[in-house]
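Peer 1: Sharing a structure with you now.
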Amino acid sequence: MTTAVLAVIAAGAEAWRFALLLAGRTQVLSGSVVRVNDALVTSAGLVLLVAAVATAVAAVPVLVRLHGDAARRSGRLPSRRPGEVAGWLLAPVANLYGAGVIVGEIDARLIVRAADPEPPGGARPSRLVSVWWAAWVLNGVLVLAALVRGSAGSLQAVADTVELHVAVDLTAALVAGLGAAVLGRFARLLTPAGPPHPGWRVADPAPTRAAAVTAGSPRVAPPAIVHPSVDHPVGEGGPAGPRPGPVPAVGAPGAP
1 MTTAVLAVIA
11 AGAEAWRFAL
21 LLAGRTQVLS
31 GSVVRVNDAL
41 VTSAGLVLLV
51 AAVATAVAAV
61 PVLVRLHGDA
71 ARRSGRLPSR
81 RPGEVAGWLL
91 APVANLYGAG
101 VIVGEIDARL
111 IVRAADPEPP
121 GGARPSRLVS
131 VWWAAWVLNG
141 VLVLAALVRG
151 SAGSLQAVAD
161 TVELHVAVDL
171 TAALVAGLGA
181 AVLGRFARLL
191 TPAGPPHPGW
201 RVADPAPTRA
211 AAVTAGSPRV
221 APPAIVHPSV
231 DHPVGEGGPA
241 GPRPGPVPAV
251 GAPGAP
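So, in structure tokens, the structure goes:
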């Protein structure tokens, strides 16, 4: 993402230069302002170039290794040798096509698992990789257009070149940002999926009855609930008839 930020800064410097060119048509520009702008454009462009080269140096070996690992992970042999993969990534002009092919092959192989059959028509890269490839090609075309237009010596050619530099820097920021997202996607696909909530344990559900009836044990009928009737209210015989009196003890006076 550092390269993307530097590209945005370089685009801002070029946009400021273009604004100064427009203002210079009708007014005299301050020499100090022009010198500050020139220094900013030059320094931002050089730092961006160094950052882009460093990013390529770090990314190319990773992509070469990923190309073979992704093929073996899907249960297939690599379709290209490491030297061929590096050539497609590094060859000028040709890498506008080759880099997208290599990155797309890595993405497609990481999606397909070893047990999965080959999809009809072959595995296809994700939409993220396709968008990155389109931005990569657009940036390359704009770079070539800026080089061709900058070779002319007219004032209009200078203004057009500044505009093209702004577009080059903005698309370079887009390429860098999408490239970081693509590498992050590769890292997620290579990382085995863990539990969604590590350290958590799902407890068994609580029983819905207070006591479960075991198989083979006799079922106990619930006690019957008898409602008081109108003819025998509670306290005057109750629902089951008159209450019996006390039973005299055997041998007590008054016993039969």
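Residue 191 in full-length UniProt numbering is what sits at position 191 of the sequence shown, and the numbering runs on without skipping anything. Backbone N, C-alpha and C define an ideal beta-carbon position, used for all residues, glycine too.
On the premise that Ala-51 lies in contact with Leu-6, defined as a C-beta separation below 8 Å, what is that separation, rounded to the nearest angstrom?
Peer 2: 5 Å
Peer 1: Determine the direct distance from the alpha carbon of Trp-133 to that of Gly-75, and round the result to whole angstroms.
Peer 2: So the two alpha carbons sit approximately 26 Å from each other.
Peer 1: Looking only at its chain, what residues have a beta carbon closer than 8 Å to the beta carbon of Glu-163, apart from the 5 residues adjacent to it on each side?
Peer 2: Phe-18
Peer 1: If you compare alpha carbons, which of Val-129, Thr-3 and Val-182 is closest to Thr-55?
Peer 2: Thr-3
Peer 1: Scan the segment 37-113 and note each continuous alpha helix (DSSP H) run of 4 residues or more that stays entirely inside, going in chain order.
Peer 2: If we require 4 residues or more, the alpha helix (DSSP H) runs fully inside the segment 37-113 come out as 82-90 and 95-111.
Peer 1: Near Asp-160, what residues of its chain come up, given a Cβ to Cβ distance below 7 Å and the 5 sequence neighbours on each side ignored?
Peer 2: Arg-149
Peer 1: Look at Ala-10 and Asp-169 and say whether their C-beta atoms are less than 8 Å apart.
Peer 2: yes
Peer 1: Measuring alpha carbon to alpha carbon, tell me which residue in Val-101, Gln-156, Val-93 and Ser-151 is nearest Val-141.
Peer 2: Val-93
Peer 1: Between Val-182 and Val-129, how many whole angstroms is the CB-CB distance? I'm expecting something under 8 Å.
Peer 2: Yes, they are in contact, since the Cβ atoms of Val-182 and Val-129 sit about 6 Å apart, within 8 Å.
Peer 1: Which class does Arg-149 belong to by DSSP, given the choice of helix, strand or coil?
Peer 2: helix
Peer 1: Under 6 Å Cβ to Cβ from Leu-189, same chain only, skipping five residues before and after it: list those, please.
Peer 2: Leu-110
Peer 1: DSSP three-state call for Thr-171: helix, strand or coil?
Peer 2: helix
Peer 1: What is the rounded straight-line gap between the Cα of Ala-91 and the Cα of Ala-146?
Peer 2: 20 Å
Peer 1: With a 10 Å radius around its C-beta and 16 neighbouring C-beta atoms as the bar for buried, classify Ala-39 as buried or exposed.
Peer 2: exposed
Peer 1: Please report the distance separating the alpha-carbon of Ile-106 from that of Gly-177.
Peer 2: Pairing Ile-106 with Gly-177, the inter-Cα distance amounts to about 19 Å.
Peer 1: Report, in whole angstroms, the separation of the C-beta atoms of Ala-108 and Pro-125, which I expect to be a contact under 8 Å.
Peer 2: 5 Å
Peer 1: Mapping the DSSP letters down to three states, classify Leu-29 as helix, strand or coil.
Peer 2: The answer is coil: DSSP assigns Leu-29 none of H, G, I, E or B.
Peer 1: Grab the span of the alpha helix (DSSP H) containing Arg-124 for me, first residue to last.
Peer 2: First-last for Arg-124: undefined, no H or E at that position.
Peer 1: Tell me where the alpha helix (DSSP H) around Thr-191 begins and ends.
Peer 2: Per DSSP, Thr-191 belongs to no alpha helix (DSSP H) and is neither H nor E.
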